[in-house]
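Per this note's numbering: the sequence shown ends with 204, consecutive numbering throughout. We put the CB at the ideal spot given by N, CA and C, even for glycine. Right, one structure below, let's go through it.
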Amino acid sequence: MEALKASWDRAWAHLSLQGDTAQFERLIKAYDEPHRSYHTRQHLDECIGHFSRVIDVANHPGEVEIALWFHDAVYDLHGPDNERRSAEWARQALTQAGATDPVKARVHALIMATLHSAIPTEADQQLLVDIDLAILGATPARFQEYDRQVAIEYSWVPSDVYKVKRKEVLSSFLARPHIYSTDHFRTELEAQARINLRSAIG
3 MEALKASWDR AWAHLSLQGD TAQFERLIKA YDEPHRSYHT RQHLDECIGH
53 FSRVIDVANH PGEVEIALWF HDAVYDLHGP DNERRSAEWA RQALTQAGAT
103 DPVKARVHAL IMATLHSAIP TEADQQLLVD IDLAILGATP ARFQEYDRQV
153 AIEYSWVPSD VYKVKRKEVL SSFLARPHIY STDHFRTELE AQARINLRSA
203 IG
């Protein structure tokens with residue numbers, strides 16, 4: 003928890019704004035919701051860990067870190083608009099803290115980039131999306147755990163349907179010329195991510 007609180011304070015300091023402790027606690031409770039298995043505090047902690055190693059690469063580090071905090075703030079297993087609702091929550095928190103409209107717009111766009119519907123072209127969005135996808139290049143043991151965690155979250159979907167849809171999602175990443183957009187993550191994780199994905203697809 004100390005590392006997460008330090009990240010929260012660092013993000014707001016980079017924005018020259020004051021973070022709200024109540025907002026921090028509300029987010030932690032969200033990531034600890036019982037229906038989550040992968041999109042939990044563990045995922046948030048891993049994302050923050052990755053960001054801490056590449057913070058100097060970010061053009062707007064405070065915005066990227068705040069976007070990481072909010073990118074899975076809303077996670078309704080049956081919801082089609084989790085990213086939009088998470089982005090709106092971030093916008094409200096930033097408005098409350100006195101952020102400018104450009105900051106709010108950039109954070110909103112960063113969170114929406116985690117839809118993974120298109121490969122981002124903006125540098126900070128590339129960095130944030132690579133962090134979100136870093137799990138694909140995790141150690142085989144952690145990747146397998148992640149795969150099980152996602153399956154638990156989608157346990158309400160008929161197994162035959164889930165297997166087909168999951169294979170489609172993972173294959174779409176494997177089909178990209180590069181899974182990662184930034185030099186750091188491409189160098190560190192690309193090869194292992196492709197091994198993991200091929201293993202999961204079977």
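Inset, instruction - Mind checking which residues open and close the alpha helix (DSSP H) that includes I133? - result: By 1-based counting over the sequence shown, the position of residue 133 is 131. Where I133 is concerned, the enclosing alpha helix (DSSP H) stretches over A125 to D134.
Inset, instruction - Out of R43, R196, V76 and C49, state which residue places its alpha-carbon closest to the alpha-carbon of A92. - result: Counted from its first residue, the sequence shown places residue 92 at position 90. Comparing Cα positions, the closest option is V76.
Inset, instruction - Decide if E170 is buried, meaning its Cβ has at least 16 other Cβ atoms within 10 Å, or exposed. - result: For the purposes of this step, residue 170 is identified with residue 168 of the sequence shown, where counting begins at 1. So E170 counts as exposed.
Legend entry - Cβ neighbours of Q20 in the same chain (closer than 7 Å, five flanking residues each side left out): Mapped onto the sequence shown, residue 20 falls at position 18. Cβ neighbours of Q20 beyond the five flanking positions: W14 and A99.
Inset, instruction - Would you identify the three-state DSSP class for D74, choosing helix, strand or coil? - result: In the sequence shown, residue 74 corresponds to position 72, counting from 1. Note: D74 maps to coil in three-state DSSP.
Inset, instruction - Within the same chain, show all residues whose beta-carbon is closer than 6 Å to that of H52, passing over the 5 residues directly before and after it, in chain order. - result: Translated into positions along the sequence shown, residue 52 becomes position 50. Short of 6 Å from the beta carbon of H52, and not among the five residues preceding or following it, lie these beta carbons of its own chain, in chain order: I133 and A136.
Inset, instruction - Apply the 10 Å Cβ neighbour rule to K106 and answer buried if 16 or more other Cβ atoms are within range, or exposed otherwise. - result: Residue numbering aside, residue 106 sits at position 104 when the sequence shown is read from its first letter. By the 10 Å Cβ count, K106 comes out buried.
Inset, instruction - Keeping to the same chain, check which residues put their C-beta closer than 8 Å to that of L112; ignore five residues upstream and five downstream. - result: As a position in the sequence shown, residue 112 is number 110, starting the count at 1. Here L112 has E65, V66, A69, H73, D126, Q127 and L130 as same chain residues with Cβ atoms under 8 Å from its own Cβ, once five neighbours each way along the sequence are excluded.
Inset, instruction - Locate the alpha helix (DSSP H) running through P142, then write down its first and last residues. - result: As a working mapping, residue 142 is identified with position 140 in the sequence shown. Element bounds for P142: P142 to E155.
Inset, instruction - Give the DSSP-derived three-state secondary structure of W14 in the structure shown. - result: Mapped onto the sequence shown, residue 14 falls at position 12. It is helical.
Legend entry - Same chain, Cβ closer than 6 Å to F187, five either side skipped, listed in chain order: For this step, residue 187 is matched to residue 185 along the sequence shown. Within the same chain, F187 has close Cβ partners D132.
Legend entry - For S9, the three-state DSSP class (helix, strand or coil): For the purposes of this step, residue 9 is identified with residue 7 of the sequence shown, where counting begins at 1. Looking at S9 - three-state DSSP - the assignment turns out to be helix.
Inset, instruction - Below 8 Å on the Cβ atoms is my guess for L6 versus I50; work out the distance and round it to an integer in Å. - result: As a working mapping, residue 6 is identified with position 4 in the sequence shown. As a working mapping, residue 50 is identified with position 48 in the sequence shown. Rounded, the Cβ-Cβ distance is 7 Å, consistent with contact.
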